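Line order of the protein sequences matches chains S and G.
The numbering of the first sequence is numbering that gives the first Met the number 0, which starts it at 0 and goes up by one.
The numbering of the second sequence is numbering that gives the first Met the number 0, which starts it at 0 and goes up by one.
We treat Cβ as the ideally placed atom computed from N, Cα and C, and that holds for glycine.
Treat the numbers as computed from the prediction; the structure is a model and nothing was measured.
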Amino acid sequence: MTLLTVRNLSIGVGRRLIVEDVDLDLRAGEVLGLVGESGSGKTVTCRALARLLPRGRLHIASGSVQLNGRDLTRLSEEEMRKVRGVEIGMIFQNPSSHLDPVMRIGDQIAESVRYHEGAPMAEGRARAVELLRQVGIPDPAHRLSAYPHEFSGGMRQRVMIAVALACRPTLLIADEPTTALDVTVQAQVLRLLLDLRDRLGLAILLVTHNLGVVAQTCDSLAVMYAGRIMERGAKRELLRAPAHPYTEALLKCQPGAAKAAALLPAIPGQPPAATAFPEGCRFHPRCPRAAAECRERRPALRPLDSERMAACHFAEPVMRAAS
Amino acid sequence: MNAPLPLLAVEDLVVRFRVSGLGLPFGARHINAVNGVTLSLAPGDTLGIVGESGCGKSTLGRAILNLLDVQGGEVRFDGSLVSPRDRASVARLRSQAAMVFQDPYASLNPRIAAGGAIAEVLRVHGRVPSAGIPARVAELLQLVGLSADLAERRPHQLSGGQCQRVGIARALAVEPRLIIADECVAALDVSIQAQILNLLTELQRKMKLALIFISHDLGVVRHLCRQVAVMYLGRIVEHGPTEDVFLAPKHPYTRALLAAVPDIDPDRPLVPASLRGEPPSPMDLPPGCPFHPRCPHAQEICAHGAAPALRSVADSRVACHFDLPPNAQQGEER
């Protein structure tokens with residue numbers, strides 16, 4: 000069953016759109032990777048899903064976000080507050096800046112249980128112990144009264160996951176959750192997220208720039224570039240045979256993909272600023288396959304087969320060449 | 000392991016930082032950042048230093064260039080001792096060795112344009128007569144793939160990749176024989192990162208530079224470097240030719256580190272958490288092998304005495320008491 004359906008989501012700054020026509024689908028128990036380089040709009044998109052865009056600066060210009068059958072873009076602020084925490088949990092790249100430094104972690108977890116469920120103090124604390132155990136904090140009963148600074152980076156990320164899961168949400172939005180962590184700790188946190196998915200049937204939207212993380216954890220992928228989705232599909236097929244030249248180039252320029260000390264097939268130039276998106280396909284100035292029509296006509300995101308969609312005029316030959 | 004006379008020879012280097020402040024456990028007053036590192040580098044060779052945050056890799060890079068106080072050991076460059084008491088030796092080192100830093104914005108003065116930042120290095124080192132500076136600046140910009148009209152731009156008017164190119168041009172301005180690059184692509188997106196890696200590869204070959212590339216990214220190091228040293232808690236635990244280390248890691252930490260790197264191969268499943276826990280604090284090092292509290296192979300002997308010394312195994316050096324069976328890393332760390 001589809002849990003989250005995003006259609007034609009556009010996000011604006013004033014009258015300029017920085018994210019356009021984003022479509023996403025996420026089923027219960029599925030991990031969807033939203034991949035892109037910095038400035039591609041992936042973080043703004045997932046903040047928009049929880050209606051957490053900075054007020055007065057960014058706004059949802061159009062589109063719908065259906066979660067559990069309701070359109071979140073039409074809810075009042077009051078109703079939205081009940082959705083956050085209860086239906087959507089969120090974790091971020093830097094746990095230190097999203098945990099309260101002067102509040103004991105047990106209270107931070109119990110706070111949302113009390114707020115959303117009106118549960119008494121004792122029940123909140125019992126839930127906190129259980130959650131800390133679930134995210135792999137040793138000796139949870141004794142760590143309730145610790146402050147965030149008493150935990151290491153990886154443990155703090157576990158605490159933030161516990162806070163996010165306190166009211167048993169069905170959707171977890173994880174924005175670069177392991178980017179600030181060392182690889183051995185990253186492996187632990189990714190393993191934890193997959194375990195939680197298996198045990199709780201959680202759907203996870205994993206935002207990342209790291210294709211390795213995506214390859215090892217996600218079921219399906221959406222690749223963003225310059226505010227638009229370039230390609231969507233099941234992970235294995237998409238990484239094996241990309242249908243968009245941007246995905247293809249991104250995979251090829253990973254160090255390790257090429258022969259040691261040979262030159263990497265780098266993507267020339269740099270991503271466009273949101274103030275100067277090019278006409279036509281937004282990737283065409285850097286695309287090795289760009290033709291005249293790529294400069295003039297913007298390719299729509301269109302289905303190639305039952306699972307795959309790509310926004311490229313030449314998606315079929317690109318995919319054939321890769322497979 | 001290097002037949003030619005080394006360009007750089009580091010012997011038993013020790014760096015400790017004094018820590019002040021309340022709330023520290025009694026007796027813990029020093030961070031042991033680098034605990035006796037010995038390595039050498041031949042002219043034109045490339046060495047990657049990898050390890051997790053806090054392992055001392057950046058401190059080692061800075062200590063080699065005498066950018067911070069060293070508590071023990073010595074650094075020899077081109078055969079002669081570099082000592083902070085002999086200011087001429089430090090000046091000689093810095094006129095032949097340069098550093099490229101991680102944050103391209105923070106390592107440039109925001110009020111000085113790109114061209115000016117490069118000209119400053121040329122003036123300080125006096126390599127070029129002042130009349131020749133503008134021409135040399137243009138030459139350096141071209142060398143790192145920047146068009147000459149960017150010389151007038153300040154850092155905030157440049158992209159991250161362009162700033163990093165300016166940082167590399169500044170390093171090249173001293174006409175170095177050694178470049179130490181500290182996480183110089185970590186802040187860049189993959190597509191830009193590939194451009195900078197290609198630039199370093201080309202420059203290294205063309206100018207026969209020796210390169211020490213400090214990084215937490217094992218894929219980048221494997222791509223760029225001929226040899227690699229793995230650090231853990233201020234020590235080198237394994238050092239050898241890159242492909243030997245990556246294909247047949249001999250130290251249990253190297254194995255766990257390599258196993259934890261997410262692969263872009265979608266058919267390789269996520270490894271079962273490769274290591275328990277996190278590195279202990281460098282203020283309070285465990286006795287014996289510093290890795291033993293997390294090591295899946297630890298025995299009685301590992302918890303006592305001094306840390307195991309590096310010993311030669313084939314073409315590598317390894318700091319472990321045991322010879323692990325080759326390539327048994329799949330599934331053993333569970």
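Note to self: Taking 8 Å as the threshold (C-beta atoms), are S190/G and L249/S in contact?
What the structure shows: yes
Margin query: Give me the chain G residues within the contact set of S151/S, using Cβ-Cβ distance strictly less than 8 Å, ordered along the chain.
Written below: E277
Notebook entry, point to check: Quick one: which chain G residues come within Cβ less than 9 Å of C280/S?
Noted result: Result: empty, since nearest Cβ-Cβ is about 16 Å, beyond 9 Å.
Check: How about the region 215 to 231 of chain S and the region 304 to 312 of chain S: do they share at least three Cβ pairs that are nearer than 8 Å?
Finding: Segments in contact, yes.
Next item on the list: Kindly list, in the order they appear in chain G, the residues whose Cβ is closer than 8 Å to that of R46/S.
Entry: Per Cβ cutoff of 8 Å: no residues; R46/S is ~20 Å from chain G at best.
Check: When DSSP labels each residue in this structure, what does H243/S get in the three-state scheme?
Finding: coil
Check: What does I203/S pair with, by DSSP beta-bridge criteria?
Finding: V30/S, L171/S
Margin query: I'd like the span of the beta strand (DSSP E) that includes N7/S, first residue to last.
Written below: 1 to 12
Note to self: So for Q194/G, helix, strand or coil by DSSP?
What the structure shows: The three-state reading of DSSP puts Q194/G in helix, counting H, G and I together.
Checklist line | 8 Å Cβ cut-off: residues of chain S touching D262/G | finding: G211, A214, Q215
Next item on the list: On a CA-only basis, which of L164/S, G211/S, S37/S, E116/S is nearest A272/S? Give me that one, please.
Entry: S37/S
Check: Can you tell which of L192/S, E236/S, A165/S has its C-alpha closest to the C-alpha of P265/G?
Finding: Comparing alpha carbon positions, the residue from L192/S, E236/S, A165/S closest to P265/G is E236/S.
Note to self: I need the boundaries of the beta strand (DSSP E) containing I228/S, first residue and last residue.
What the structure shows: Note, I228/S: beta strand (DSSP E), 227 to 233.
Check: Exposed or buried, which one is R221/G when buried takes at least 16 other CB atoms within 10 Å?
Finding: buried
Notebook entry, point to check: Along chain A, in chain order, which residues have C-beta atoms closer than 8 Å to that of S96/S?
Noted result: Checking the listed chains, one finds no chain A in this structure; the protein chains it contains are S and G.
Checklist line | Exposure label - I181/S; buried when at least 16 CB within 10 Å | finding: Here residue 181/S turns out to be Asp, not Ile, going by the sequence shown. Label assigned to D181/S: buried.
Next item on the list: May I ask which residues mark the beginning and end of the alpha helix (DSSP H) holding P285/G?
Entry: Neither: P285/G is in no alpha helix (DSSP H) and is coded neither H nor E.
Checklist line | Cut-off 7 Å between Cβ atoms - residues of its own chain near V127/G, not counting five sequence neighbours on either side | finding: L121, R135
Notebook entry, point to check: Whose C-alpha, out of E247/S, E315/S, S322/S, is nearest the C-alpha of P287/S?
Noted result: E247/S
Item checked: Under 8 Å by beta carbon: chain G residues contacting Q185/S -> A259, P261
Notebook entry, point to check: What is the C-beta distance between L31/S and D304/S, in whole angstroms, given that I count them as a contact (C-beta under 8 Å)?
Noted result: Not quite, the Cβ-Cβ distance comes to about 18 Å (not below 8 Å), so this is no contact.
Notebook entry, point to check: How is N1/G classed by DSSP in three states: helix, strand or coil?
Noted result: A caution first: N1/G carries a pLDDT of 46, below 50, which makes its placement in the model unreliable, though a value can still be read off. The answer is coil: DSSP assigns N1/G none of H, G, I, E or B.
Next item on the list: Tell me, please, which residues DSSP counts as bridged to N31/G.
Entry: R15/G
Note to self: Starting from M98/G, trace the alpha helix (DSSP H) in both directions and tell me its first and last residue.
What the structure shows: Where M98/G is concerned, there is no enclosing alpha helix (DSSP H), although the beta strand (DSSP E) it sits in stretches over 96 to 99.
Check: Thinking C-alpha only, which one of Q65/S, P244/S, D24/S, A321/S is nearest P284/S?
Finding: P244/S
Check: Counting contacts by CB-CB distance shorter than 8 Å, is D181/S in contact with chain G?
Finding: Judged by the 8 Å Cβ criterion, D181/S is in contact with chain G.
Check: Do the region 81 to 93 of chain G and the region 137 to 145 of chain G make contact, defined as three or more Cβ pairs closer than 8 Å?
Finding: no
Next item on the list: Determine the DSSP secondary structure at P176/S, reduced to helix, strand or coil.
Entry: coil
Next item on the list: Thinking Q215/S and D262/G are a contact (beta carbons under 8 Å), I'd like their distance in whole angstroms, please.
Entry: 7 Å
Notebook entry, point to check: Can we say the region 125 to 139 of chain S touches the region 84 to 93 of chain S, given the rule of at least three CB pairs closer than 8 Å?
Noted result: Not touching, per the Cβ criterion.
Next item on the list: Below 8 Å between beta carbons is the criterion; list the residues of the region 14 to 38 of chain S that meet it against any residue of chain G, in chain order.
Entry: Residues of the region 14 to 38 of chain S with a C-beta atom less than 8 Å from some C-beta of chain G are E36, S37, listed in chain order.
Next item on the list: Quickly, what does DSSP pair R234/G with across the bridge? List them, please.
Entry: For R234/G, which the question treats as bridged, DSSP gives the partners Y231/G.
Check: Which word fits K81/S, buried or exposed, when buried means at least 16 other C-beta atoms lie within 10 angstroms of its C-beta?
Finding: exposed
Next item on the list: Give the range of the alpha helix (DSSP H) segment to which L48/S is assigned.
Entry: 41 to 48
Item checked: Contact set between Q156/S and chain G, taken where Cβ atoms lie within less than 7 Å -> In chain order: nothing, as chain G lies at least about 11 Å away.
Next item on the list: Under 9 Å between beta-carbons, which chain G residues line up against R103/S? List them in chain order, please.
Entry: Going along chain G, no residue has its Cβ under 9 Å from R103/S, so there is no contact; the nearest lies around 17 Å.
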